[in-house]
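If you're matching positions, the sequence shown starts at 1 in this note's numbering and goes up one per residue. Reading through the structure tokens given below for one structure.
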Amino acid sequence: MKTIIEPFKIKSVEPLRFTSREEREAILKEAGYNLFNIQADDVLIDLLTDSGTAAMSAHQWGGMIEGDEAYAGSKSFSRLEKTVKGLTGFRHIIPTHQGRAAEKILFNIVGGQDKIVPNNTHFDTTRANVEISGAEAVDLPVPEGLNPTLIADFKGNMDLDALESLLQRKGPEQIPLVMLTVTNNANAGQPVSMDNIRKTAQLCRAHGIPFFLDACRFAENAYFIKIREPGYEKKSIREIAREMFSYADGCTMSGKKDGLVNMGGFLAVNDDQLARRARNILIVTEGFPTYGGLAGHDLEAFARGLDEVLEEDYLTYRIRSVSYLGKQIDQLGAPIFQPPGGHAIYIDAKAFLSHIPPHQYPGQALACELYLCGGIRACEIGSVMFGKTDSKSGEFEPARLEMVRLAIPRRVYTQSHMDFVVECIEAVFRKRDKIKGLHMVYEPPVLRHFTAQFESL
Ligand code: F0G
1 MKTIIEPFKI KSVEPLRFTS REEREAILKE AGYNLFNIQA DDVLIDLLTD
51 SGTAAMSAHQ WGGMIEGDEA YAGSKSFSRL EKTVKGLTGF RHIIPTHQGR
101 AAEKILFNIV GGQDKIVPNN THFDTTRANV EISGAEAVDL PVPEGLNPTL
151 IADFKGNMDL DALESLLQRK GPEQIPLVML TVTNNANAGQ PVSMDNIRKT
201 AQLCRAHGIP FFLDACRFAE NAYFIKIREP GYEKKSIREI AREMFSYADG
251 CTMSGKKDGL VNMGGFLAVN DDQLARRARN ILIVTEGFPT YGGLAGHDLE
301 AFARGLDEVL EEDYLTYRIR SVSYLGKQID QLGAPIFQPP GGHAIYIDAK
351 AFLSHIPPHQ YPGQALACEL YLCGGIRACE IGSVMFGKTD SKSGEFEPAR
401 LEMVRLAIPR RVYTQSHMDF VVECIEAVFR KRDKIKGLHM VYEPPVLRHF
451 TAQFESL
């Protein structure tokens, strides 16, 4: 059969609230043209993030009731620990309330002044946690990963030549670990090949430097390896994931993505000393080592989610439904980052609204237009998020790319929701010449995309 269906039926529903265009115009103006300021109830289809927005299964909800809320030695933690050890092979599993808490603990220990942390591309919280420790976060994506129109299988890969040259110059005194983000979220959700994971690990080993995965979307990455990398066609997703983790010395994980839960994360390591230090920090900042920052019921749902995410029917549907959205948008002639990634479609706003210069925020203007058209909430990843105004010269430094991310929550929306999104994009694309840029009227000092305010030009 050529139709890939949702491999589930729906037992519990959450109604959507429809608004009129006039209402949305008023809501958007009131929100200062910043979609983070809009109430979720005023959004029809929420594609702001795929993080913590998954629909849990009946099996996970059943587990919520069974969650063991013991402060120490919770059965639910034992189940999570067993599941993660089975999947990753790591010796120490340290639960945290979400991914960035694991990053905070890790870089608190290994970061610091004069240290350098290479990554294929740091996600923004990872970068922030590296930098807060005093270390420098260096992105080393492969050059083809930076070309939005090029079709290639593994555009999320690490640039191995650049990594080798950095490791030779700086060595283990300055580089406490190398990280690889799978899939590469900050680079349009593009996957990393097994070959690249293996070779990154070999380089690290040759220089005596630990190698970590940022494993938030490990299952989606494993599925891409299965369908794209020769030699993996017949392997199960679990076997592929197991091999990915086998090359690493540890990982950070946000369960809010491929853990299929609304809250949860962990830090996993092999090194006993590192684990001991991490647990000492954990007790101060997150909680006792058998719950981290989580309730027993969260641990239970997380353990079950990590099994469900490996089901091939689920991953086939997941990756195909994201690519379905990408193909429909592409067929309109609207420019997207190619090929579609694992969890999101990234519209190339610079090409979509080529008449709007970067300092008038084409990505933000497009995201606002999608909201006005159909109550769709997307996320700008461009000059609002990464652009800077030089404090001395007052000159504007734009971001490298102007993107709008349509992140797809897991198991939440159906194909007709996606068809509706495509229809909106089509309507906006047809009138693109009439869309105006934005002027930033309030610029917060850090992470400005969350609270910046705009006016329409
Ligand atoms: N690493 C990656 C690659 C991520 O995408 C995220 C979160 C984190 C780490 C941090 O995890 O949110 O549990 O603390 N990404 C979300 C997003 C927020 O919308 O892409 P967290």
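Virtual Cβ for every residue (Gly too), placed ideally from N, Cα, C. As the structure is a computational prediction, the values presented were derived from the model and not from experiment.
- prompt: So Cys368 is in the alpha helix (DSSP H); what residue range does that whole segment cover?
  reply: Secondary structure note for Cys368: its alpha helix (DSSP H) is the uninterrupted segment Pro362 to Gly374.
task: Sort out for me which residues DSSP pairs Val404 with in a bridge.
output: Ile347 and Glu380
query: Roughly how many angstroms separate the alpha carbons of Gly63 and Leu294, rounded to a whole number?
result: 14 Å
task: Assign Asn108 to one of three DSSP states: helix, strand, or coil.
output: helix
Inter-stretch contact (C-beta, 8 Å, three-pair minimum) for the segment 229–246 and the segment 58–72: Output reads no: the segment 58–72 does not touch the segment 229–246.
- prompt: Do the segment 1–16 and the segment 358–374 make contact, defined as three or more Cβ pairs closer than 8 Å?
  reply: no
- request: Take the Cβ of Ala344 as the centre, count every other Cβ of all protein chains shown within 10 Å, and call the residue buried at 16 or more, exposed below.
  value: buried
- request: Find out if the Cβ-Cβ distance for the pair Asp459, Pro210 is shorter than 8 Å.
  value: This structure gives no information on residue 459, because the portion of the chain shown stretches from 1 to 457.
message: Taking its Cβ as the centre, do 16 or more other Cβ atoms sit within 10 Å of Phe107, making it buried, or is it exposed?
response: buried
- prompt: Given that a residue counts as buried once 16 or more other Cβ atoms are within 10 Å of its Cβ, and exposed if not, what is Gln98?
  reply: buried
query: With DSSP run on the structure shown, which of helix, strand or coil describes Gly265?
result: strand
field: Residues that Thr252 bridges to, as DSSP identifies them
entry: Asp214 and Leu267
- request: Determine the DSSP secondary structure at Tyr442, reduced to helix, strand or coil.
  value: strand
query: Under a three-way DSSP split, which group does Glu97 fall into?
result: Strictly speaking, residue 97 in this sequence is His, with Glu absent from that position. Coil.
field: Contact under 8 Å by Cβ, Phe218 with Ala241
entry: yes
message: Considering just the uninterrupted stretch of the beta strand (DSSP E) at Val178, what are its terminal residues?
response: Val178 to Thr181
- prompt: What number of angstroms, rounded off, separates the C-alpha of Glu426 from the C-alpha of Arg24?
  reply: 19 Å
query: In terms of residues, what are the limits of the beta strand (DSSP E) holding Ala137?
result: Element bounds for Ala137: Glu136 to Asp139.
query: Whose C-beta lies closer than 7 Å to the C-beta of Ala222 among residues of the same chain, with five residues either side of it excluded?
result: Cβ within range, chain order: Ile237, Ile240, Ala241 and Met244.
query: For Lys327, which of helix, strand or coil comes out of DSSP?
result: helix
task: To the nearest angstrom, report how far apart Leu366 and Asn262 are at their CA atoms.
output: 28 Å
- prompt: Can you list, in chain order, the residues of its chain whose CB lies under 6 Å from that of Met179, leaving out five sequence neighbours each side?
  reply: Asn119, Phe212 and Asp214
message: With a threshold of 8 Å, are at least 3 pairs of Cβ atoms found where one atom belongs to the segment 53–62 and the other to the segment 283–292?
response: no
task: Specify the secondary structure class of Lys85 as computed by DSSP and reduced to three states.
output: helix
task: Evaluate Phe302 with the Cβ neighbour count: other Cβ atoms within 10 Å of its Cβ, from every protein chain shown; 16 or more gives buried, anything less gives exposed.
output: buried
- prompt: So what's Asn157 in DSSP terms, helix, strand or just coil?
  reply: coil
query: Counting along the chain, where does the beta strand (DSSP E) carrying Asn185 start and finish?
result: Asn185 -> no beta strand (DSSP E), and no H or E assigned at all.
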